[in-house]
Structure formats: structure tokens, C-alpha cells
Amino acid sequence: MRPADQSNPQYVARIERIDADARGGNVKVLARWYYRPEESIGGRRQFHGSKELFLSDHYDVQSADTIEGKCTVHSFKSYTKLDSVGNDDFFCRFEYNSSTGAFNPDRVAV
Numbered sequence: 056m057r058p059a060d061q062s063n064p065q066y067v068a069r070i071e072r073i074d075a076d077a078r079g080g081n082v083k084v085l086a087r088w089y090y091r092p093e094e095s096i097g098g099r100r101q102f103h104g105s106k107e108l109f110l111s112d113h114y115d116v117q118s119a120d121t122i123e124g125k126c127t128v129h130s131f132k133s134y135t136k137l138d139s140v141g142n143d144d145f146f147c148r149f150e151y152n153s154s155t156g157a158f159n160p161d162r163v164a165v
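Position in the sequence shown (first residue = 1) + 55 = the numbering used here.
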């Protein structure tokens, strides 16, 4: 999704629902946001991958017009099996609570 400041990277969200008014206009999406490590309370750590995202508990309704395109967020296991990683490939190992900064699971092997 398009950030307000174009110098920032695009936001990544999982689209949970798509709604439109009775005439099919004014399309809105319910987005569940992914956070980048540097956007989390603990910040980016050495073991975070450059394409790593955290699935958050942060939901928001946005205009469908803000959607820039489609990307794929893989599990870490499937990401490591990719033959080639494209610009639109990411991976997720954690769920992130945006208000407390807690992760689930709270640790993984590195």
C-alpha cells in the first residue's frame, strides 16, 4: 500500500475483506498490517532478514485505491526453498502485538 511519504518503503498488508457500497463504488478493504523489524518496539536486530515482516494485530480500513500491487509473504520455511527471491517476496516468522511489543512465538532458532 502506498505510504504518504513516497521516500518510505511501501506498506505491506494482508487483505482480510473487501467491501463496496450498493453501486459497487467506494471500495474499502480491511487490512491487517505487517510491520518491518525497524517499525517494531525492539527495532531491527542482527538476526532479522532483510525481507522479514511481522504479522501484526493492527487492522485498518483503507480505500482500495491505496493498493499498489500484490506481493507474497511466505513462511520462513517456504521462503528458504525459493529458487530465486523477487522484489515482491517477503517472509514472516512472528506475529507482533503492536501495543505491547510482544512476539509470538517469543523466540526462534537463529
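Ideal Cβ placement from N, Cα and C applies to all residues, glycine included.
Keep in mind the model is a prediction, meaning the values are calculated, not measured.
In the three-state DSSP reduction, Phe-102 falls in the coil class, being neither helix nor strand.
Looking at the DSSP output, Phe-109 sits in a beta bridge with Tyr-90 and Phe-149.
A distance below 7 Å between beta-carbons, with the five flanking residues on each side excluded, links Asp-112 to the following residues of its chain, in chain order: Asn-152 and Ser-153.
For Ser-133, the enclosing alpha helix (DSSP H) covers residues 131 to 135. Distances from the alpha-carbon of Lys-106 to those of Ala-75, Asn-142 and Ser-118 put Asn-142 closest.
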